[in-house]
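See structure below.
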Amino acid sequence: MYTIKNEHFIKVAHRNPNTPYLVAINQNAPLTYVDNYNNVSSLYTLKDSIYIPANWLPVNHVRFSCTLGRNIFIGTDDGFLVINLNGLVTYQNTFIKYPWSIIPFSDSSVLITTYKSGAFEVNKKGKILNNVIFPKNFHYPYFETQILSNYQNIKSKILIGSGMGFYYLDKENGQSSQLLLNKAVEAFSFDKYRNTPIIGTDKIYWITQDYKGIMDSMDLSQAEKQPINEIIVYPDSILWSATNTGIQKTLLYPSRKHLKFYSSTVKNLPCQGAVSFAVDSIGRLWAGGTCGLLLYHPEQDTFESVYDNIIHERINQLCIGPSNILIAVSNKNIYCLNISTEHSEIIRIYNSDNGFNLYEPSENGICITDNHFVWMPSENGIQRLDINQIIQSSIKPSIKLLSIDNKSINLDPNKMDQFEVNGSSALINFSIISHDSEKWKFKYHLNNQENPIWMLGTEILIQNLKHGINTIEIIACSINQNANNCIKFKTNIKVNLPFIQRQSSYITIGLLFILLVCIIIWYYITTLKTKQKLTQLNSELLKNRLRTIQSYLNPHFLFNTLTTLQDYILHKDRHEGSDLIVRLSRIFRHVLKLGYLEKKNNGFQIDLIKLTEELSLIKDIVFLQNLQQVKPVLFAIELGEHLDAEHIFIPPLLIQPFVENAFKHAFTGKESAPEIKLIFTMNEKQLFINIQDNGKGFDKNSKSTHGTNIGLKLAKERMDILNSLNIENNITINNLSPTGTEVSITIKRIQ
131 MYTIKNEHFI KVAHRNPNTP YLVAINQNAP LTYVDNYNNV SSLYTLKDSI YIPANWLPVN
191 HVRFSCTLGR NIFIGTDDGF LVINLNGLVT YQNTFIKYPW SIIPFSDSSV LITTYKSGAF
251 EVNKKGKILN NVIFPKNFHY PYFETQILSN YQNIKSKILI GSGMGFYYLD KENGQSSQLL
311 LNKAVEAFSF DKYRNTPIIG TDKIYWITQD YKGIMDSMDL SQAEKQPINE IIVYPDSILW
371 SATNTGIQKT LLYPSRKHLK FYSSTVKNLP CQGAVSFAVD SIGRLWAGGT CGLLLYHPEQ
431 DTFESVYDNI IHERINQLCI GPSNILIAVS NKNIYCLNIS TEHSEIIRIY NSDNGFNLYE
491 PSENGICITD NHFVWMPSEN GIQRLDINQI IQSSIKPSIK LLSIDNKSIN LDPNKMDQFE
551 VNGSSALINF SIISHDSEKW KFKYHLNNQE NPIWMLGTEI LIQNLKHGIN TIEIIACSIN
611 QNANNCIKFK TNIKVNLPFI QRQSSYITIG LLFILLVCII IWYYITTLKT KQKLTQLNSE
671 LLKNRLRTIQ SYLNPHFLFN TLTTLQDYIL HKDRHEGSDL IVRLSRIFRH VLKLGYLEKK
731 NNGFQIDLIK LTEELSLIKD IVFLQNLQQV KPVLFAIELG EHLDAEHIFI PPLLIQPFVE
791 NAFKHAFTGK ESAPEIKLIF TMNEKQLFIN IQDNGKGFDK NSKSTHGTNI GLKLAKERMD
851 ILNSLNIENN ITINNLSPTG TEVSITIKRI Q
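Here is the structure:
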C-alpha cells in the first residue's frame with residue numbers, strides 16, 4: 131500500500147483512460163502525481179520550486195483532479211488550475227467558482243460542473259469552449275453524474291443529477307434539456323430493452339429517448355418515500371433497487387411486476403436497508419447494507435450476510451476489482467475479499483491499525499485504474515492498493531482436480547489411489563487456482579514417463595492406462611512469469627480392465643491370424659464362384675449364338691435367298707448376284723463375331739462393336755429382306771445431334787432381331803408405303819434407340835408375338851445377360867397411333 135499525502139483531498143476522480151497519471155495536492159501546495167504503469171519507484175514529487183500561485187493559498191477544499199493528454203486539472207472552491215507534467219502552471223481560472231466535478235467529455239475536452247454557475251466545457255489548455263447555464267431551479271448539481279457512453283458508446287452525451295431533477299447534455303448535436311422532478315437524483319441505470327436510462331429518486335423513472343420527459347414511472351412496493359440509494363438492472367429483465375429500508379426486486383418484462391421486497395420486517399433480509407450493488411465476473415449479485423456485506427442466493431431467493439465479523443458495519447461502497455477481488459468500504463474498514471472461488475474469504479483489511487485512516491468514506495468513490503491498481507481517499511491522502519501483490523501474498527497457486535470421466539470428485543489428501551476407472555483411458559478436468567491475470571501451460575507424466583508436449587486449457591485425455599495403479603503428475607507453469615514459477619499435482623488412478631483387455635496383445639495376434647485365414651478362404655471361394663459364373667454366362671452366350679446361327683441357316687431363309695441369288699445370276703445382273711453373295715457372307719461373318727465373356731480387372735466384359743458396324747449389318751439384312759417382299763419396305767436411319775456413330779459402342783446383334791421381326795410380322799402386304807425407321811438419340815449417360823414401323827401394330831394377345839418368334843426371344847435373352855454384366859438396359863414395345871409399332875431400347879452409353 132502506497133500513500134500520497136494530502137490532508138484535504140476529498141475525491142478520487144475516474145481518470146482519462148488515454149493517460150496513466152493520477153494527481154493530488156497537499157496542504158503545502160506542491161503537486162504530486164503517480165505513473166501507474168511503473169513500479170513504486172516511479173512515485174515522486176515535482177520540483178519544489180513549483181508552487182500554486184500565492185493568491186491561491188491556502189488551497190481551499192481540493193474537490194477533484196483529472197488528466198487530459200499531458201495536462202492536469204486541479205479544482206478547488208476558488209477555481210481551477212491547469213498544470214503540465216513538467217510542473218508548470220499553464221492556466222489558472224478564478225472565474226469558475228465552486229467547481230464540483232470534472233468528467234472527460236471528449237478526446238480533447240473535459241466537462242466541469244459547478245455548484246452555482248452551470249457547466250463548462252474546457253479544452254486541454256483550460257480555455258472555455260462552451261458555457262451551459264443551468265436554470266435557476268436546478269439546485270445542487272452534484273448528486274450523480276452519468277456518462278452515457280457506459281451504455282451507448284456515445285462520448286458526447288451526459289446526464290447530470292441534482293437535488294431537483296437532472297440535466298441532459300449532448301455536445302455532438304448541440305442539445306440540452308432539463309427534467310424537473312423536485313427530487314434528488316441519486317441513482318442511474320440503463321434499460322437495454324427500451325434503450326433508455328433509468329433514474330432513481332424515491333421512485334423509478336424511465337426517461338424518453340429524447341431525454342426531455344418521463345416515459346414511465348414505478349413506485350417501490352413498501353418504500354415509496356424512501357430515497358433510492360442505487361439501482362441496477364441485472365440480469366437484463368430484473369431491476370434491483372436499494373433503499374434504507376430494504377431491497378426491491380422487480381421484473382421488467384414481459385410485464386412490470388413487483389417480485390419481492392427484501393427487508394428485516396419480512397425476515398428475508400438480515401438488516402434494515404442497502405446502499406450499493408455489485409456483480410462479480412461469475413454473475414453473483416452482492417449488496418452493501420446496514421449490516422455488512424450481503425450475497426444473493428437465487429435458489430432460495432434470499433440475501434444473507436457473508437461474514438459475521440462485519441455484520442455490525444455499514445458497507446457504503448462496493449467495487450469489483452481485477453481477479454474477482456471485491457473491495458468493500460465501511461465506516462471503519464476497507465475489506466479486500468477473494469470471491470473467485472465458491473467460498474469467498476477476506477484476504478486483507480485496511481484501517482487505522484495499519485495506517486489507513488478513512489476520510490468521509492460515505493461520500494467519496496473508489497477508483498480502479500489499469501488492471502490492478504485501486505485508489506481510495508483517506509485522511510492521509512490518496513491510498514493505492516496493488517491487487518496483484520494482495521493476491522500473490524494471500525493466494526498460493528494450486529491445482530484442483532474437478533472430475534474424471536465427467537464425474538465430480540472430492541479429494542481426500544490422505545488417499546493416493548482413491549480414483550478408479552474402468553477402461554484404458556480417462557478424461558481429467560482440473561482447475562488452477564490463482565489470480566485471473568496469470569496464464570498457465572501444463573503437461574503431464576504417466577507412470578513417470580514424461581509427455582513433452584505443453585498444452586493450454588484445463589482438460590487432459592490420458593490414454594494407454596494399464597491394469598492396476600497408474601501414477602499421474604500434472605505440472606503447470608506460468609506463461610506470464612519465469613519458467614521456475616511452476617506447480618505440481620500428483621495422484622494415483624486405479625484402473626480395472628477386463629481379462630480380455632489385459633490379454634489384449636495375445637488376443638489381437640490370434641484375431642489377426644483368424645482374419646488372415648478367413649481372407650484366404652474368402653478369396654478362394656470368390657475366385658471359384660467367379661470362374662463358375664464366367665463359365666455359365668459363356669455357356670448361355672454360346673447357346674444364344676448357336677440359336678441365332680440356326681435361325682439364319684433355316685431352310686426357308688436359305689431357300690428363298692439362294693433362289694433369289696440364282697434368279698439374279700441366270701436372268702438378271704450377275705454383278706448384283708455377286709453383291710448378294712457378299713452381303714450374305716457379311717451377315718454370317720457378323721453373326722459369328724457374337725463374342726464371349728472375358729475376365730477383366732474391373733469384372734466381366736463382353737466384346738463390343740461400333741454402332742456403324744451394327745447399322746451396316748442391318749442395311750444388308752434390309753436389302754435381302756426387301757428382295758422377298760411384294761412391296762419393298764422404305765428404310766431410314768436418323769442420328770441425333772452430336773451423335774458420332776463411329777465412337778459409340780454397343781453389344782453385337784442388339785438391333786437386328788427387332789428389325790427382322792418387323793419384316794416378318796408388321797406388314798400384311800396391303801400397305802401402300804411400308805416403312806421402318808431407326809432413330810438414335812443420347813444424353814451423357816444413356817443411348818436411346820427407337821425402332822418404328824407403320825404396319826398393323828403389336829397384338830399383345832397374339833401368341834405369335836408373345837415370345838414365340840425366335841428372333842425376339844433371343845433378343846430379350848441377350849438383354850437379360852447384358853443386365854447381369856452391369857450394362858444397364860430396358861426394352862418397351864408399344865403401338866403407335868394410328869398404326870404401327872415402336873420398340874424403345876435404352877442402354878448404358880459406352881464410348
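For reference, each letter of the sequence shown is one residue, going 131 to 881 in the numbering used here. All residues carry an ideal CB built from backbone N, CA and C; glycine is no exception.
Task: Straight-line gap, Arg324 to Ile450 (C-alpha atoms, nearest Å) - done: 27 Å
TODO: Use the C-beta contact count for Ser555: other C-beta atoms within 10 angstroms, 16 or more gives buried, fewer gives exposed.
DONE: exposed
Open item on the list: Taking a contact to mean a Cβ-Cβ separation below 8 Å, would you say Ala317 touches Ile358 in this structure?
Closed with: yes
Task: Secondary structure, beta strand (DSSP E): runs of 3+ residues fully inside the region 403-453 - done: 404-409, 415-419, 422-427, 432-435, 445-451
- [ ] Determine which residues share a DSSP beta bridge with Pro229 and list them.
- [x] Thr244
Open item on the list: Taking 8 Å as the threshold (C-beta atoms), are Ile623 and Val551 in contact?
Closed with: yes
Task: Spatial distance of Val164 from Tyr465 (CA atoms) - done: Caution applies to Val164, whose pLDDT of 35 falls short of 50 and renders its modelled position unreliable; the model cannot decide the point.
- [ ] Could you say which of Ile644, Ser406, Ile412, Glu771 lies nearest to Cys421 if we only look at CA atoms?
- [x] Ser406
Task: Between the CA atoms of Thr601 and Met546 - distance to the nearest angstrom - done: Per-residue confidence for Met546 stands at a pLDDT of 47, beneath the threshold of 50, marking its modelled position as unreliable; the derived number appears in the next sentence. Their Cα atoms are separated by approximately 9 Å.
TODO: Check Glu768 in the structure and name its three-state DSSP category.
DONE: strand
Task: Extent of the continuous alpha helix (DSSP H) to which Ser746 belongs - done: 741-757
Task: Close-in-space but distant-in-sequence residues of the same chain around Asn615 (CB under 7 Å, 5 per side omitted) - done: Cys607, Ser608
Open item on the list: Using C-beta distances below 8 Å, list every residue in its chain close to Lys89, excluding the 5 sequence neighbours before and after it, in chain order.
Closed with: A question about residue 89 goes unanswered here, because the residues of the chain that appear run from 131 up to 881.
Open item on the list: Using 8 Å for Cβ pairs, my map puts Ser739 next to Pro782. What's the rounded Cβ distance?
Closed with: Sequence inspection shows Ile at residue 739; the Ser mentioned does not correspond to that position. With a Cβ gap of about 5 Å, Ile739 and Pro782 count as contacting.
TODO: Could you tell me which residues DSSP pairs with Ser385 in its beta bridges?
DONE: Looking at the DSSP assignment, Ser385 forms no beta bridge with any residue, so it has no partner.
TODO: Leaving out five residues on either side along the sequence, give the residues of the same chain with a beta carbon under 6 Å from the beta carbon of Gln816.
DONE: Thr876, Arg879
- [ ] Please specify which runs of the alpha helix (DSSP H), each continuous and at least 4 residues long, are wholly inside the region 278-355, giving them in chain order.
- [x] 279-282
- [ ] Out of Gly343, Asp438, Pro400, Ala408, state which residue places its alpha-carbon closest to the alpha-carbon of Trp370.
- [x] Ala408
Open item on the list: From the DSSP secondary-structure annotation, give me the bridge partner or partners of Met812.
Closed with: Leu817
Open item on the list: Given a cut-off of 8 Å on the beta-carbon distance, is the pair His597 and Leu576 in contact?
Closed with: no
Open item on the list: Can you give me the C-alpha to C-alpha distance between Leu714 and Ser746, rounded to a whole angstrom?
Closed with: 12 Å
Open item on the list: Less than 6 Å between C-beta atoms, sequence neighbours within five positions excluded: which residues of the same chain meet that for Asn544?
Closed with: Its pLDDT being 46, under 50, Asn544 is placed unreliably by the model, and nothing is read from it.
Open item on the list: Residues in the same chain with beta-carbon distance under 7 Å from Pro762, minus the five sequence neighbours each way, listed in chain order, please.
Closed with: Asn756
Open item on the list: Given this structure, state the Cα-to-Cα distance separating Ser854 from Trp652, to the nearest angstrom.
Closed with: 22 Å
- [ ] Figure out for me which residue from Ile751, Met812, Pro804 has the closest Cα to the Cα of Leu773.
- [x] Met812
TODO: Look at the alpha carbon of Asn468 and the alpha carbon of Trp584, and state the distance between them as a whole number of angstroms.
DONE: 29 Å
Task: Integer Cβ distance of Gly870 from Asp823, believed to fall under 8 Å - done: 5 Å
- [ ] Keeping to the same chain, check which residues put their C-beta closer than 8 Å to that of Asn108; ignore five residues upstream and five downstream.
- [x] The chain is shown only over 131 to 881; residue 108 falls outside these bounds and no answer can be derived.
Task: Selection from Thr660, Asn791, Gly825 that minimises the alpha carbon distance to Ala845 - done: Asn791
Open item on the list: Out of Ile780, Ile344, Phe320, Gly376, which one is the CA nearest neighbour of Ser367?
Closed with: Phe320
- [ ] For Pro229, count neighbouring C-beta atoms within 10 Å of its own C-beta (all shown protein chains included) and say buried if the count is 16 or more, exposed if not.
- [x] buried
Open item on the list: Checking 8 Å against the spacing of the C-beta atoms, do Val262 and Phe203 come in under that value?
Closed with: no
Open item on the list: Within the continuous beta strand (DSSP E) that includes Ala249, where are the two ends?
Closed with: 249-253
- [ ] Please specify which runs of the alpha helix (DSSP H), each continuous and at least 4 residues long, are wholly inside the region 570-594, giving them in chain order.
- [x] none
Open item on the list: Can you list, in chain order, the residues of its chain with a C-beta nearer than 6 Å to that of Tyr335? Leave out the 5 residues immediately preceding and following it.
Closed with: Ile329, Ile344, Ser347
Task: Same chain, Cβ closer than 7 Å to Leu866, neighbours up to 5 away in sequence not counted - done: Gln822, Glu872
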